[in-house]
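**Student:** In case it helps, numbering that gives the first Met the number 0 puts the sequence shown at residues 0 to 848.
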Amino acid sequence: MRKWTKILNAATGLASCLAMFTIFHFLVDSRSTLGSKAFELSDLEPIPEATSLPIRDTKKPLKAAIGLSDSMLVDSILNIIQNYYVDEARVGNRELMQSTLRSLREQDLLQLSMLDQENITVSRGTDRLSLKVDSNYAYEQMMRDCIRISQLLEKHKEERTPIGRVPPTGAFQLLNAMLAGLDPHSNLLAPEEYRDLRQGTEGSFGGLGVVVGMQEDVLTVIKPLPKSPASRAGVIKADRIMQIDSKSTFGTTLEDLIQYMRGEPGTRVNLFVLREGDLAPRKLSLMREIIQVDSVESKLVPSNAGDVFYASIDSFSSRTASELRDALLKAQQQSNRLAGIVLDLRSNPGGLLDQAVRVADLFLDEGRIVSTQGRSREYELAKQNLYRFDYPILILSNGDTASASEIVAGALRDHGRALVIGEPSFGKGSVQTVFELPGDQALKLTIARYFTPRGISIQNVGIMPDIWLQPIYPLKGQANLLGEYRYKGERFLDHSLDQEKLRAAGVQAHDMKAFYLNEESTGKSPDKDIPLNFALRMIQDLGSREGVPIAPERLRSSYWKASSAKLIRKMLKELNRGSEAWLAKQKKVEWAAEGEDKQLVSDKKIRFLVDLPERMSLKEGQTVRIPWRIQNTSDATLSRLSVFVTGNHDSVATTEILVGRLAAGQEAQGVLNYELKVDAKESPIRLRAGLARSGWPLVGKERNFWLDLQENQEPQYEITLQVTEEKGGRLKGVLEAGETAQVELKVKNSSQISAKQVEARMVNLAGKQLQLLGQRYSIKRLAPGESQVMKFTLKASADLVSNQLQLGVLVGSEDQLIASKTHFFISSEPGTRMSKTDINSGGGSWREN
Numbered sequence: 000m001r002k003w004t005k006i007l008n009a010a011t012g013l014a015s016c017l018a019m020f021t022i023f024h025f026l027v028d029s030r031s032t033l034g035s036k037a038f039e040l041s042d043l044e045p046i047p048e049a050t051s052l053p054i055r056d057t058k059k060p061l062k063a064a065i066g067l068s069d070s071m072l073v074d075s076i077l078n079i080i081q082n083y084y085v086d087e088a089r090v091g092n093r094e095l096m097q098s099t100l101r102s103l104r105e106q107d108l109l110q111l112s113m114l115d116q117e118n119i120t121v122s123r124g125t126d127r128l129s130l131k132v133d134s135n136y137a138y139e140q141m142m143r144d145c146i147r148i149s150q151l152l153e154k155h156k157e158e159r160t161p162i163g164r165v166p167p168t169g170a171f172q173l174l175n176a177m178l179a180g181l182d183p184h185s186n187l188l189a190p191e192e193y194r195d196l197r198q199g200t201e202g203s204f205g206g207l208g209v210v211v212g213m214q215e216d217v218l219t220v221i222k223p224l225p226k227s228p229a230s231r232a233g234v235i236k237a238d239r240i241m242q243i244d245s246k247s248t249f250g251t252t253l254e255d256l257i258q259y260m261r262g263e264p265g266t267r268v269n270l271f272v273l274r275e276g277d278l279a280p281r282k283l284s285l286m287r288e289i290i291q292v293d294s295v296e297s298k299l300v301p302s303n304a305g306d307v308f309y310a311s312i313d314s315f316s317s318r319t320a321s322e323l324r325d326a327l328l329k330a331q332q333q334s335n336r337l338a339g340i341v342l343d344l345r346s347n348p349g350g351l352l353d354q355a356v357r358v359a360d361l362f363l364d365e366g367r368i369v370s371t372q373g374r375s376r377e378y379e380l381a382k383q384n385l386y387r388f389d390y391p392i393l394i395l396s397n398g399d400t401a402s403a404s405e406i407v408a409g410a411l412r413d414h415g416r417a418l419v420i421g422e423p424s425f426g427k428g429s430v431q432t433v434f435e436l437p438g439d440q441a442l443k444l445t446i447a448r449y450f451t452p453r454g455i456s457i458q459n460v461g462i463m464p465d466i467w468l469q470p471i472y473p474l475k476g477q478a479n480l481l482g483e484y485r486y487k488g489e490r491f492l493d494h495s496l497d498q499e500k501l502r503a504a505g506v507q508a509h510d511m512k513a514f515y516l517n518e519e520s521t522g523k524s525p526d527k528d529i530p531l532n533f534a535l536r537m538i539q540d541l542g543s544r545e546g547v548p549i550a551p552e553r554l555r556s557s558y559w560k561a562s563s564a565k566l567i568r569k570m571l572k573e574l575n576r577g578s579e580a581w582l583a584k585q586k587k588v589e590w591a592a593e594g595e596d597k598q599l600v601s602d603k604k605i606r607f608l609v610d611l612p613e614r615m616s617l618k619e620g621q622t623v624r625i626p627w628r629i630q631n632t633s634d635a636t637l638s639r640l641s642v643f644v645t646g647n648h649d650s651v652a653t654t655e656i657l658v659g660r661l662a663a664g665q666e667a668q669g670v671l672n673y674e675l676k677v678d679a680k681e682s683p684i685r686l687r688a689g690l691a692r693s694g695w696p697l698v699g700k701e702r703n704f705w706l707d708l709q710e711n712q713e714p715q716y717e718i719t720l721q722v723t724e725e726k727g728g729r730l731k732g733v734l735e736a737g738e739t740a741q742v743e744l745k746v747k748n749s750s751q752i753s754a755k756q757v758e759a760r761m762v763n764l765a766g767k768q769l770q771l772l773g774q775r776y777s778i779k780r781l782a783p784g785e786s787q788v789m790k791f792t793l794k795a796s797a798d799l800v801s802n803q804l805q806l807g808v809l810v811g812s813e814d815q816l817i818a819s820k821t822h823f824f825i826s827s828e829p830g831t832r833m834s835k836t837d838i839n840s841g842g843g844s845w846r847e848n
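1) Grouping DSSP H, G and I as helix and E and B as strand, with all else coil, what is glutamate 701?
2) Measuring CB atoms only, is the region 473-480 touching the region 544-551, in the sense that at least three cross pairs come out at less than 8 Å?
3) Select from Arg660, Pro225 and Glu813 the residue whose C-alpha is nearest the C-alpha of threonine 622.
4) Count the other CB atoms, across all protein chains shown, that sit within 10 Å of the CB of histidine 24; report buried if there are 16 or more and exposed otherwise.
5) Does the Cβ of histidine 184 lie closer than 7 Å to at least one heavy atom of the ligand GTP?
6) If you follow the beta strand (DSSP E) that asparagine 118 is in, where does it begin and where does it stop?
7) Taking 6 Å as the limit between beta carbons, can you name the residues of its chain near asparagine 186, skipping five residues before and five after?
8) Along the chain, where does the alpha helix (DSSP H) that runs through glycine 811 open and close?
9) By DSSP, does tyrosine 136 sit in helix, in strand, or in coil?
10) Between which two residues does the beta strand (DSSP E) harbouring alanine 759 extend?
11) So, are the CB atoms of serine 375 and proline 464 less than 8 Å apart?
12) Starting from the N-terminal side, write out each stretch of the beta strand (DSSP E) that is 3 residues or longer and does not extend beyond the region 322-394.
13) Just how far apart, CA to CA, sit arginine 729 and glutamate 735?
14) Counting C-beta neighbours from all protein chains within 10 Å, is the total for lysine 500 16 or more, i.e. buried, or is it exposed?
15) Short check: CB of proline 428 to CB of arginine 448, under 8 Å?
16) Count the other C-beta atoms from every protein chain shown that fall within 10 angstroms of the C-beta of leucine 328, then say buried if there are 16 or more, exposed otherwise.
17) Does the CB of arginine 324 have a neighbour CB from chain C at under 8 Å?
18) Is it right to say asparagine 459 is buried, meaning 16 or more other beta carbons lie within 10 angstroms of its own, or is it exposed?
19) Whose C-beta lies closer than 8 Å to the C-beta of valine 808 among residues of the same chain, with five residues either side of it excluded?
20) Does serine 456 come out as helix, strand or coil in the three-state DSSP assignment?
21) Can you confirm whether the region 311-324 touches the region 338-350 when touching is taken to mean that 3 or more C-beta pairs between the two stretches lie within less than 8 Å?
22) Starting from the Cα of glutamine 469, find the closest Cα among Ile529, Arg453 and Thr451 and give me that residue.
23) Classify leucine 285 as buried or exposed, calling it buried when 16 or more other Cβ atoms lie within 10 Å of its own Cβ.
24) Within its chain, find whatever has a CB closer than 6 Å to the CB of proline 423; leave out the 5 residues flanking it on each side and keep chain order.
25) Helix, strand or coil: which one does DSSP assign to lysine 587?
26) In angstroms with no decimal places, state the Cα-to-Cα distance between lysine 587 and leucine 516.
27) Under the DSSP definition of a beta bridge, which residues are partnered with isoleucine 629?
28) Would you call glycine 34 buried or exposed, if buried means 16 or more other Cβ atoms sit within 10 Å of its Cβ?
29) Per DSSP, which residues does tryptophan 467 bridge with? Please list them.
30) Check aspartate 126 in the structure and name its three-state DSSP category.
31) Indicate whether phenylalanine 491 and arginine 692 have their beta-carbon atoms separated by less than 8 Å.
32) Do you know whose CA, among Gly784, Lys767 and Gln756, lies nearest arginine 775's CA?
33) Measuring straight from C-alpha to C-alpha, what distance separates leucine 637 and aspartate 86?
34) Beta-carbon separation of glutamate 655 and serine 641 under 8 Å?
35) Return the Cβ separation of isoleucine 394 and valine 419 in integer angstroms, given the expectation that the two are a contact with Cβ distance under 8 Å.
36) With DSSP collapsed to three states, give me the class of tyrosine 259.
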């Protein structure tokens, strides 16, 4: 998923010289190689240097209406796939074309009909192609069929392209479908995706050094990075960035705004920043710089038994291992009594394999760290440790701990150097590499599987924690009490590797597991991080009994676990008791396990039924009603049952309801209401309904079905704003200091359908220099062509300092997935001029850069 630091050079290829494309093609008339630079990604074994892909010879030149460059792109990528993909048997000519056609059908790009196993018709609209994919299917025929299908996709590409986006070429669509049919991590990267990939793994980019997110449709600072232009300018957490140069941030997507802030180092950008309590947005002029993003944040946590070194690693980029090493050395200098280490890998998506290996090697002296198996087998071995970081290690994980993070956790646990606390990890046990393509594009391809030092594959299953802590969120209602984005791991991705080998290894029989009430999510207890506190208490308990530093012969995770077993079980019991009491009282759900860990009921004794057709059609924005039924055919009580529905798109959340206890011979049934707020152009959507036990999905108790979304006509609006009824001023249409005025917001339904339950909302984006009286306006119905004027009252402060005041407007109805958003600037006449000291009435200080 990320770039390695090493660059490999293929012998020949299109990327080496774009100008040679046509000449090379006709002189050699070959399947030329591609990928002059292969960036090795997270979890990857190296491709041998100076690798040259074999050149296939054909007698007849290929003539494609889609253009020579597209035909060469298809040709070259087919070559790379067949020479490097992890499963050679899956990329034979016939097998590759069959999986590609299935993927095109799943994505609703083409329709298929089969006369028999070999003769296939593909169609789009009234256009049809006949293919013969038999046991003698040759490469040249596959190539020609790919070009024909690309032409068909090219002809119809505009039909599925969102407004404002450049449609991908037919060849790009075909190749991405081909790669998606192999596994979820192989794909073509467009230039902007490849740029983001490089920046993420290099840990540097040209920008301002501020982490941002969207809050109430305005760009908001999550944190400024140390020593960055934003930090030096005085930007702090929760500041709202109202404008970037002349671009208002209100209602603009986060991705677009980030690109506005990034740019070439040395270029200047103006930010208009508003802090809570400020009189007005302040203009800050910042110079873009190369921003170095640290991937490790660390601190010392003191205790009576000795200090604990805590390090949060958010990804594995090019400097992660050195950052962690330096932080550990500094901690050793600051503390004479280090009792242990907590490595927080929660929500770490992975990164560079070499950095994962080096991080693990900081704590190992010998043995295997990871092995990779593709067309060849490679091993990464630990080296003699120059640093003595010989402390107990506890690793925190959750469902988003993936890839390189799982390599570190698996290596340290297999060697007895760490215990894993938290939730099962993501389960990505595959390896990718990236081949550069012309036009700043790239091919990301799965080339191997990786295995922990004991030869265990975590593919689809993940790293199972030694101590399983599962959060329960105190949400309103009955849904998603175990979290909103569960069941998004590797095993739930379309076409993930080794689905046939999926197993629920020891999940239900876990002897150290607790559910805990996650009060941290409510904001009432921001410091109540249960997994972290659990780890800290374990290390402190171990230090108080075993001494600091711990004796070398006791530097084994099995010993720590056994030594602290009494404390561990006490803490688990306390957590379970609290969460079970809360669920019983607040949600009327009986969640106690009643000793089920010792008396497991076979999954075969549990029947799970979903009464839905395999494929359905509905309008976007509608709620899907999913009837379910559970039957307990055993002679024992089942506990901690839940029913869930999740989807194959990142934007599609999970809905889960807790069923609780089900007595022997009984059944439970109900209807799960699943809200699917997805644009019809994302169709079709694959949903999966399943049964979980003790917070983990049961293998074989899942049901897939597909939704074809029909576009729901949404109202369109013309929105205008005018200042009227001014009181206390002298300039018409201009808001002056101390003046009160009305603004008339005119909303016209410019579409051909009625808008029902229309609501207009106005947002003050000008700070304390403007008071907005009345912020919402509701209309039951707005007919086609009908207009409605809504009046809002504005009062300008006597300390008005801006020449224009910004207002945000949202207009939406019950028929819309997303409200229409726009902004207006009202001319104003300041009564006083802004100074560097009086602008921030909310406290703090500003400095101009």
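C-beta: ideal position from N, C-alpha, C; glycine also. Bear in mind the structure is a predicted one, so any value in this text is a computation, not a measurement.
**Tutor:** Quick look at the numbers:
1) Residue mapping note: residue 701 aligns to position 702 of the sequence shown, counting from 1. Strand.
2) Contact between the region 473-480 and the region 544-551 is absent, because fewer than three Cβ pairs lie under 8 Å.
3) Position 623 of the sequence shown, counted from the first residue, corresponds to residue 622. Minimum Cα distance to threonine 622 is reached at Glu813.
4) Start at 1 with the first residue of the sequence shown, and residue 24 comes out as number 25. Any reading at histidine 24 needs caution, since the residue's pLDDT is 22, under 50, leaving its predicted position unreliable; the model's value is listed next. Around the C-beta of histidine 24, 16 or more other C-beta atoms lie within 10 Å, and the residue is accordingly described as buried.
5) With respect to small molecules bound, the structure shown includes none, and the ligand GTP cannot be examined in it.
6) Here residue 118 refers to the residue found at position 119 of the sequence shown. Note, asparagine 118: beta strand (DSSP E), 118-123.
7) Here the question's residue 186 lines up with position 187 in the sequence shown. If we look at asparagine 186 and ignore the five residues flanking it on each side, its Cβ neighbours are Asn175, Leu178 and Lys443.
8) Translated into positions along the sequence shown, residue 811 becomes position 812. In the DSSP annotation of this structure, glycine 811 is not part of any alpha helix (DSSP H); the continuous beta strand (DSSP E) holding it starts and ends at 803-811.
9) Position 137 of the sequence shown holds residue 136. Here tyrosine 136 sits in coil by DSSP.
10) Stepping through the sequence shown from its first residue, residue 759 is reached at position 760. Judged by DSSP secondary structure, alanine 759 falls within the beta strand (DSSP E) whose first and last residues are 754-763.
11) Along the sequence shown, one-based indexing puts residue 375 at 376. Along the sequence shown, one-based indexing puts residue 464 at 465. No.
12) You should have 337-343, 367-372 and 376-380.
13) Locating residue 729 in the sequence shown gives position 730, counting from the first residue. Locating residue 735 in the sequence shown gives position 736, counting from the first residue. C-alpha separation (whole angstroms): 8 Å.
14) In the sequence shown, counting from the first residue as 1, residue 500 sits at position 501. Lysine 500 is exposed by the Cβ-count criterion.
15) Counted from its first residue, the sequence shown places residue 428 at position 429. Counted from its first residue, the sequence shown places residue 448 at position 449. Correcting the residue identity first, residue 428 is glycine in this sequence and not proline. Closer than 8 Å, so yes.
16) As a position in the sequence shown, residue 328 is number 329, starting the count at 1. Leucine 328 is exposed by the Cβ-count criterion.
17) In the displayed structure, chain C is absent; only one protein chain is listed.
18) Position 460 of the sequence shown, counted from the start, is the residue given in the question as residue 459. By the beta-carbon neighbour count (other beta carbons within 10 angstroms, threshold 16), asparagine 459 is buried.
19) Within the sequence shown, the letter at position 809 stands for residue 808. Answer for valine 808: Ile718, Leu720, Leu744, Ala759, Arg760, Met761, Val762, Lys820, Thr821, His822 and Phe823, listed in chain order.
20) Residue numbering aside, residue 456 sits at position 457 when the sequence shown is read from its first letter. Correct three-state label for serine 456: coil.
21) Look at the beta carbons and you see the region 338-350 touching the region 311-324: at least three pairs across the two are nearer than 8 Å.
22) Reading the sequence shown from its first residue, position 470 is the one you call residue 469. Comparing Cα-Cα distances from glutamine 469 to each of Ile529, Arg453 and Thr451, the minimum goes to Ile529.
23) As a working note, residue 285 is residue 286 in the sequence shown. Leucine 285 is buried by the Cβ-count criterion.
24) Position 424 of the sequence shown, counted from the first residue, corresponds to residue 423. Short of 6 Å from the beta carbon of proline 423, and not among the five residues preceding or following it, lie these beta carbons of its own chain, in chain order: Gly461 and Met463.
25) Position 588 of the sequence shown, counted from the start, is the residue given in the question as residue 587. Lysine 587 carries a coil assignment under DSSP once its states are collapsed to helix, strand and coil.
26) If you number the sequence shown from 1, residue 587 lands on position 588. If you number the sequence shown from 1, residue 516 lands on position 517. Cα to Cα, the separation comes out at about 15 Å.
27) Counting from one through the sequence shown, the residue named residue 629 turns up at place 630. According to DSSP, which records beta bridges pairwise, isoleucine 629 is partnered with Phe607 and Ala667.
28) In the sequence shown, counting from the first residue as 1, residue 34 sits at position 35. Summary for glycine 34: the model assigns pLDDT 33, below 50, so the residue's position carries little reliability; its value from the coordinates is reported in the next sentence. Sixteen is the threshold: when 16 or more other Cβ atoms of the shown chains lie within 10 Å of the Cβ of glycine 34, as they do, the residue is buried.
29) As a first step, residue 467 is located in the sequence shown; it is residue number 468 there, counting from the start. According to DSSP, which records beta bridges pairwise, tryptophan 467 is partnered with Gly421 and Lys512.
30) Numbered from its first residue, the sequence shown carries residue 126 at position 127. Three-state result, aspartate 126: strand.
31) As a position in the sequence shown, residue 491 is number 492, starting the count at 1. As a position in the sequence shown, residue 692 is number 693, starting the count at 1. The Cβ atoms of phenylalanine 491 and arginine 692 lie no closer than 8 Å to each other.
32) As a working note, residue 775 is residue 776 in the sequence shown. Proximity to arginine 775 across Gly784, Lys767 and Gln756 peaks at Gln756, based on C-alpha coordinates.
33) The count along the sequence shown starts at 1 and reaches residue 637 at position 638. The count along the sequence shown starts at 1 and reaches residue 86 at position 87. Using only the alpha carbons, I get a separation of about 40 Å.
34) Taking the sequence shown and counting its residues from 1, one reaches residue 655 at position 656. Taking the sequence shown and counting its residues from 1, one reaches residue 641 at position 642. At the C-beta level, glutamate 655 and serine 641 come within 8 Å of one another.
35) What you label residue 394 is simply residue 395 of the sequence shown in a count that begins at 1. What you label residue 419 is simply residue 420 of the sequence shown in a count that begins at 1. Confirmed, Cβ separation roughly 5 Å.
36) In the sequence shown, the residue the question calls residue 259 occupies position 260. Under the three-state reduction of DSSP, tyrosine 259 is assigned to helix.
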